[in-house]
Structures are given as C-alpha cells and as structure tokens.
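With my numbering applied, the sequence shown covers 38 to 452. Reviewing the structure listed below.
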Amino acid sequence: MEIQKYSIGTGDRFGLQGKAQLEAIKKAAQHGVDLTIVWNKSHREHTIVGTGQQEVREEADSAVKELNWSRQYLVDADHIGMDNVESFLKSSDFFTIDVADFIGKRADDQSLERFIDHYSSYIGELSIQGMEQPTIVDAELLSAIAEKYLLATIEAGKIYHHIAQQKGDGAFVTEVSMDETIEPQTPVELFFILAALADAKIPVQTIAPKFSGRFNKGVDYIGNVEQFSQEFEEDLLVINHAVNLFNLPQNLKLSVHSGSDKFSIYPHINRLIQKYGAGIHIKTAGTTWLEELIGLAEAGGDGLDLAKRIYQAAYERYDELCSPYQSVIDIDRQALPEPSEVQGWTSQQYVSALRHDLSCPDYDVNLRQLLHVGYKVAAEMGDEYLNALKKHERIVARNVSENLFKRHINPLFLS
Ligand SMILES: [Zn+2]
C-alpha cells in the first residue's frame with residue numbers, strides 16, 4: 038500500500054464531520070489536486086472523547102460511500118507505541134509510530150558500535166545532492182547522533198514488525214514520528230535517522246521530524262520563517278538523497294504535525310514541494326473541532342449558548358485542560374476574556390474571536406488555544422453536544438469544509 042504524493046490528515050474528534058472534510062478533498066480534486074484524505078486519531082484523543090478506532094473506520098467508510106469517493110483514503114493510528122498499538126490494529130491502515138520518548142536514551146553498546154562502524158565511511162564531507170555546501174561529519178557528531186537517536190529507530194522497528202506480523206507486510210502505510218520532543222532534528226541528523234530506519238527494515242513512507250520554531254495547536258507558526266524554510270528545503274534534499282542510498286521507499290515524504298493553521302509557512306512549503314516535485318503529508322486534526330464551535334456560535338440561539346458554556350467551563354478548568362498540551366500551547370491567561378464578558382457576546386463577536394482570520398482585529402489567539410484544548414468539555418456533554426452538531430449540521434459542515442479548503446488546501450497546493 039503506497040500513500041499518494043499529497044495527503045492531508047483530517048482527524049475528527051467527534052466523528053460527525055467526515056463528509057464535510059471529504060467535500061473539501063473533492064473540491065481539491067475538481068481543482069486538479071489529487072489528495073489522499075487520512076482520518077487520524079490518537080490514543081490520547083480516544084481516551085478523552087471515549088471512542089475507539091473502529092468508530093473512525095466506520096466514519097471514514099461511510100463518508101466515502103455516501104460521497105462516492107473512489108480515490109485513496111486511509112485511517113491513521115496516530116502516535117501509537119508498543120503499549121497501545123493493539124486496539125488500533127484491526128481498523129487502521131496507516132500507523133504513525135511515535136518514538137519521541139526514546140530520543141536521548143542510549144542503545145546497547147553492541148548496536149551503537151555496529152551503527153557507528155557501518156556509517157563511519159561518511160566521516161568527512163557529506164555532500165547531499167542539491168546542497169551548496171557539504172556537511173562536515175566527524176566521529177564525534179556520528180556517535181552523538183547514534184547515542185541520541187539509534188534506540189528510537191530500533192524501537193520503531195520493533196513496533197513496525199509487530200504490526201506487520203498481524204497485518205502483513207505492505208498492507209499499510211508506515212509513518213515514523215519524532216515531533217513531540219523539545220529539540221528539532223537537523224538535516225544531518227535526519228540523514229542518519231533515515232539510515233537507521235532502513236537498517237531496522239522499516240518501509241517508512243512518511244517521516245515527521247521536529248522542525249525549528251513552535252507548532253502550537255490551532256494557531257500560526259511561531260519562529261523564524263526563513264530558517265524554517267531553509268531547514269525544510271534541506272530536509273527535502275536529505276530525503277531525496279537517502280531514499281536511493283539506503284533503499285527506502287521512493288515515495289518517502291515529510292509529514293508536518295500540528296500542521297493546521299501554520300499560515301505563514303504554507304507558501305514556503307508550497308513553493309519547495311513544487312520546486313523539488315516532493316510529496317507532503319500535513320496533519321490538521323484539531324482545527325475541525327474549532328470549526329464545529331464556530332458553526333454553533335454562528336447558528337445563534339441554543340448553538341451560541343452552548344459555545345459560550347463550553348468557553349466558561351474551559352476557562353474554569355484551565356489547568357486541567359492545558360496540562361496535557363503544555364508543550365504545544367502558549368496562552369496568556371491574563372488576556373483571556375472573562376466568561377461573564379463572553380456571555381454577552383453576539384454570534385458575530387464569538388465567531389470573530391475564534392475564527393483564525395489574522396486580518397480580523399477581534400481574532401483572539403488566547404481564546405482560540407484554550408478552546409482548542411477544551412474539547413474534553415464538549416466530550417463530557419455527550420449527546421447534548423452531538424445533538425447540537427446534528428441540529429446545526431449544515432452551518433457546521435460549511436465551516437469545516439471551507440476551513441480545510443480555503444485556509445489549508447488552497448495555500449498549500451493551489452496558490
Ligand atoms: Zn505529532
């Protein structure tokens with residue numbers, strides 16, 4: 038099973054927007070962009086919402102059937118590890134193997150020695166096709182990379198082979214993710230990580246490194262855009278080079294996690310994938326839940342009322358809701374509007390505070406991030422929340438589709 042060149046991860050926390058998401062992908066197809074839609078959900082999301090991967094599979098299959106979609110679609114076991122992969126095996130055909138927790142832990146001496154020995158031939162000037170300057174690799178750098186990353190790649194191998202044993206080789210798409218860590222991986226680190234993944238016999242099709250800068254949930258990229266762009270370009274060149282050298286799948290591509298709403302880097306990603314004819318996978322999961330809230334607020338009446346109650350509860354449960362996401366949000370707590378103030382807002386006020394429109398002076402980056410991590414509140418409302426989504430389905434679906442198409446697919450693949 039090979040993933041297409043361009044793909045987009047559209048997780049859906051509450052499982053009701055599959056069709057609206059697929060509508061955006063269909064629209065991309067009408068504009069000549071062939072995009073694989075990947076419904077992803079992590080163990081963390083399943084736990085908070087109280088769902089299982091089977092429900093993601095059912096949602097995907099039924100959206101595809103109802104909209105007569107005949108092109109590729111996948112269901113992603115997002116950020117799995119050995120301890121939770123079991124419950125994802127049956128219903129997934131894309132596995133994001135997350136080994137970030139093993140970064141910085143040392144592999145056994147024998148494995149380290151073997152790796153360093155094998156790749157010591159790269160000590161000296163490493164010339165990557167397309168890069169102006171060769172990278173200097175000395176013994177110290179090689180062993181530092183091995184000590185930092187080898188164990189993570191070995192662990193990825195264990196998980197991959199466990200999945201392959203159950204599902205069969207080639208029956209699924211494999212991603213390896215290292216994004217949930219503090220330090221970004223440099224292009225030369227990526228080069229040796231790919232070597233190690235090839236040694237572990239993982240047919241990796243997408244790799245999610247940690248890039249420089251902050252990829253906070255649901256908001257724009259924070260960091261040096263030029264630096265990101267240079268790093269991204271070098272990563273593309275490294276992948277190109279490594280694929281042939283280490284015999285990795287020809288379609289291996291970068292995966293950008295927390296990729297939703299990173300508007301300031303989209304033009305760079307777009308330009309660079311065009312320049313090199315490279316593929317890309319962008320995960321945009323959490324943004325759909327915010328569009329549900331926008332739709333409810335826009336509907337007014339009971340919808341707006343529910344959206345306000347969710348904000349109030351999220352505000353009151355700030356610490357609890359933010360703590361699992363501490364490393365991927367930056368909220369100025371003092372700047373958050375008081376729930377009593379929000380209580381008096383019109384539909385228009387709520388929508389303009391929440392919608393990610395950087396040209397709108399009322400857009401509130403703090404409120405948006407708090408609501409982003411506040412989906413637990415809606416999950417606890419159970420049927421009340423789900424029924425509101427069903428009641429206001431049309432308006433919610435329009436927001437979900439438009440957000441994906443206009444603010445994500447368009448700048449990434451069409452402009
Ligand atoms: Zn991730």
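Think of the CB as a built atom: it goes at the ideal place given N, C-alpha and C, for glycine as much as any other residue.
Near ligand 1: H294 beta-carbon under 7 angstroms from a heavy atom: Start at 1 with the first residue of the sequence shown, and residue 294 comes out as number 257. Yes, Cβ of H294 sits closer than 7 angstroms to a heavy atom of ligand 1.
Quick one: give me the first and last residue of the beta strand (DSSP E) that D135 is part of. Position 98 of the sequence shown, counted from the start, is the residue given in the question as residue 135. That run of the beta strand (DSSP E) goes F131 to D135.
In whole angstroms, give me the CA-to-CA distance for F269 and I306. Working through the sequence shown from its first residue, we reach residue 269 at position 232. Working through the sequence shown from its first residue, we reach residue 306 at position 269. If you take the alpha carbons of F269 and I306, they lie about 8 angstroms apart.
Alpha-carbon spacing of S44 relative to T243, whole angstroms: Counting from 1 along the sequence shown, the entry for residue 44 is found at position 7. Counting from 1 along the sequence shown, the entry for residue 243 is found at position 206. So the alpha carbons of these two residues sit roughly 10 angstroms apart.
If you compare alpha carbons, which of G250, K299, S301 and A315 is closest to V280? Residue numbering aside, residue 280 sits at position 243 when the sequence shown is read from its first letter. For the residues G250, K299, S301 and A315, the minimum Cα distance to V280 belongs to A315.
Residue nearest to S452 in terms of C-alpha spacing, selected from I62, V70 and G48: Here residue 452 is taken as the residue at index 415 of the sequence shown, counted from 1. Nearest of I62, V70 and G48 to S452, Cα basis: V70.
Cβ of A245 within 7 angstroms of any heavy atom in ligand 1? What you label residue 245 is simply residue 208 of the sequence shown in a count that begins at 1. Yes.
Using a Cβ-based criterion (distance less than 7 angstroms to any ligand heavy atom), does D130 qualify as near ligand 1? As a first step, residue 130 is located in the sequence shown; it is residue number 93 there, counting from the start. No, the beta carbon of D130 sits no closer than 7 angstroms to any heavy atom of ligand 1.
When you measure from the CB of D272 to every non-hydrogen atom of ligand 1, does any distance come out below 7 angstroms? Sequence index remark: in the sequence shown, residue 272 carries index 235 (1-based). Not so, every heavy atom of ligand 1 lies at least 7 angstroms from the Cβ.
Neighbourhood of F265 by C-beta, 8 angstroms cutoff - its chain only, sequence neighbours within 5 removed: To locate residue 265, count along the sequence shown from 1; it is residue 228. Once the five neighbours on either side are set aside, the close Cβ partners of F265 are F248, S249, G250, Y258, I302 and H305.
Please classify N281: does DSSP put it in a helix, a strand, or coil? Counting from one through the sequence shown, the residue named residue 281 turns up at place 244. Note: N281 maps to helix in three-state DSSP.
Return yes when the Cβ of G332 is within less than 8 angstroms of the Cβ of G255, no when it is not. As a first step, residue 255 must be located in the sequence shown, where it is residue number 218. As a first step, residue 332 must be located in the sequence shown, where it is residue number 295. Cβ distance not < 8 angstroms, so G255 and G332 don't count as in contact.
Other residues of its chain near A114: CB distance less than 6 angstroms, five sequence neighbours each side excluded: As a first step, residue 114 must be located in the sequence shown, where it is residue number 77. Excluding positions up to five away in sequence, the list reads F125, S129 and F132.
Less than 8 angstroms between the C-beta atoms of V174 and G161, yes or no? For the purposes of this step, residue 174 is identified with residue 137 of the sequence shown, where counting begins at 1. For the purposes of this step, residue 161 is identified with residue 124 of the sequence shown, where counting begins at 1. Against a cut-off of 8 angstroms, the Cβ pair of G161 and V174 comes out as a contact.
Quick test of your reading: I310 and G46, contact by CB under 8 angstroms. State the CB separation rounded to the nearest angstrom. Walking along the sequence shown from the start, residue 310 turns up at place 273. Walking along the sequence shown from the start, residue 46 turns up at place 9. Actually they do not touch by this definition, with Cβ atoms about 16 angstroms apart.
Nearest to Q267 (by Cα), restricted to the options R308, H294 and A235: Position 230 of the sequence shown, counted from the start, is the residue given in the question as residue 267. Cα-wise, what sits closest to Q267 is R308.
Using DSSP with H/G/I as helix, E/B as strand and the rest coil, what is K312? Looking up residue 312 in the sequence shown gives position 275. If DSSP states are grouped into helix, strand and coil, K312 belongs with the helices.
Three-pair Cβ contact test at 8 angstroms for the segment 81-88 versus the segment 58-67: no
Quick test of the definition: if touching needs 3 or more C-beta pairs under 8 angstroms, does the segment 367-379 touch the segment 269-278? no
Exposed unless 16 or more other CB atoms sit within 10 angstroms - verdict on I219: Here the question's residue 219 lines up with position 182 in the sequence shown. Exposed, because fewer than 16 other Cβ atoms sit within 10 Å of the Cβ of I219.
Closer than 7 angstroms to a non-hydrogen atom of ligand 1 - does that hold for the CB of H83? Taking the first residue of the sequence shown as position 1, residue 83 is located at position 46. It does not: the Cβ of H83 is nowhere closer than 7 angstroms to a heavy atom of ligand 1.
Start and end residues, alpha helix (DSSP H) containing H155: Position 118 of the sequence shown, counted from the first residue, corresponds to residue 155. H155 -> alpha helix (DSSP H) spans D146 to Y156.
Using 7 angstroms as the cut-off, classify the Cβ of E212 as near or not near the heavy atoms of ligand 1, replying yes or no. Sequence index remark: in the sequence shown, residue 212 carries index 175 (1-based). False, no ligand heavy atom lies under 7 angstroms from that Cβ.
Residues bridged to E212 [DSSP beta-bridge criterion]: By one-based count along the sequence shown, residue 212 stands at place 175. Looking at the DSSP assignment, E212 forms a beta bridge with T133 and T243.
V75 vs F51 beta-carbon contact at 8 angstroms: To locate residue 75, count along the sequence shown from 1; it is residue 38. To locate residue 51, count along the sequence shown from 1; it is residue 14. For V75 and F51, no; Cβs fall outside 8 angstroms.
By Cβ distance below 6 angstroms, which residues in the same chain neighbour K142 in space, the five residues on each side in sequence not counted? Working through the sequence shown from its first residue, we reach residue 142 at position 105. So the list reads L188, once near-sequence residues are dropped.
Would you kindly work out how many angstroms separate the C-alpha atoms of G260 and A144, rounded to a whole number? Counting from 1 along the sequence shown, the entry for residue 260 is found at position 223. Counting from 1 along the sequence shown, the entry for residue 144 is found at position 107. Taking the straight line from one Cα to the other gives about 32 angstroms.
For my contact list, L426 and R405 are in at a C-beta cut-off of 8 angstroms; report their separation, rounded to the angstrom. For the purposes of this step, residue 426 is identified with residue 389 of the sequence shown, where counting begins at 1. For the purposes of this step, residue 405 is identified with residue 368 of the sequence shown, where counting begins at 1. Actually they do not touch by this definition, with Cβ atoms about 19 angstroms apart.
Taking the beta carbon of S360 as the centre, do at least 16 other beta carbons fall within 10 Å, making it buried, or is it exposed? Counting from one through the sequence shown, the residue named residue 360 turns up at place 323. The residue is exposed, with fewer than 16 neighbouring Cβ atoms inside 10 Å.
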